[in-house]
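Chemist: Here's a structure for you.
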Amino acid sequence: MPLDPSYNDLNRASTERIKKLAASLTDEEMQTRVGEHWTVAIALAHLAWWDRRVMYVLDRTAQDGKLFIPEIDIFVNDLSLPLWAAIPPREAARIAIETSADLDARLEIYSPNLLEEIYNYNKRWVVRALHRNEHLDEVDAALKSK
């Protein structure tokens, strides 16, 4: 399936959503539980980590001239949890905002042929809004139920 260029708008909107969320929360609200093990701050650190993973895919794909698939699985969430929890909440927000904005900008100017190859392998690596919004919806629900 060809890549719809509206992914840029979706990604920018999800980055703006992260910015607005971070700006609207108190330090106490950043510690609100999101599920059993996460907080709002941990969700933001998680998003930053996975956006950085996509940056790595972009770098290696461009370097190799063909799709690079890192051997990383979902278990990394469990392994990274103590590290994410140690990040001060405002720093987690800052890192999430900066990383998502940087990735959005890189995706907008990335080689169309290589980006199409990445998208065809995993559309969530290109349409980052899919992953971001999934967790931001969870954060919103947790904050509303508080």
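If you count by the working numbering, then the sequence shown holds residues 44 to 189, one letter each, in order.
C-beta: ideal position from N, C-alpha, C; glycine also.
Values in this document were obtained by computation on a predicted structure and should not be read as measured data.
#1: For ILE154, is the classification buried or exposed, using 16 other Cβ atoms within 10 angstroms of its Cβ as the cut-off for buried?
#2: Taking just the CA atoms, how far does GLU177 sit from LEU87?
#3: For the putative contact between ALA31 and ALA65, defined by C-beta atoms under 8 angstroms, what is the C-beta separation to the nearest angstrom?
#4: Strictly under 7 angstroms for the Cβ-Cβ distance: is ASP116 near chain B by that measure?
#5: Does DSSP classify ARG76 as helix, strand or coil?
#6: Would DSSP call THR82 helix, strand or coil?
#7: Could you name the residues of the same chain whose beta carbon sits closer than 6 angstroms to that of ASN54, not counting the 5 residues immediately before and after it, in chain order?
#8: Rounding to the nearest angstrom, what Cα-Cα distance links GLN106 and SER188 in this structure?
Modeler: If we stick to the structure as given:
#1: As a position in the sequence shown, residue 154 is number 111, starting the count at 1. In the sequence as displayed, the identity of residue 154 is Ser instead of Ile. Exposure of SER154 is indicated by the presence of fewer than 16 other C-beta atoms within 10 angstroms of its C-beta.
#2: The count along the sequence shown starts at 1 and reaches residue 87 at position 44. The count along the sequence shown starts at 1 and reaches residue 177 at position 134. In a straight line, the C-alpha of LEU87 is about 12 angstroms away from that of GLU177.
#3: This structure leaves residue 31 out entirely; the chain is present only between 44 and 189.
#4: The structure shown contains no chain B; it is built from a single protein chain.
#5: Sequence index remark: in the sequence shown, residue 76 carries index 33 (1-based). DSSP places ARG76 in strand when its eight states are reduced to three.
#6: The count along the sequence shown starts at 1 and reaches residue 82 at position 39. Looking at THR82 - three-state DSSP - the assignment turns out to be strand.
#7: The residue you call residue 54 lines up with position 11 of the sequence shown. Excluding positions up to five away in sequence, the list reads ASP147, ARG171, ALA172.
#8: By 1-based counting over the sequence shown, the position of residue 106 is 63. By 1-based counting over the sequence shown, the position of residue 188 is 145. If I take the Cα positions, the gap works out to 46 angstroms.
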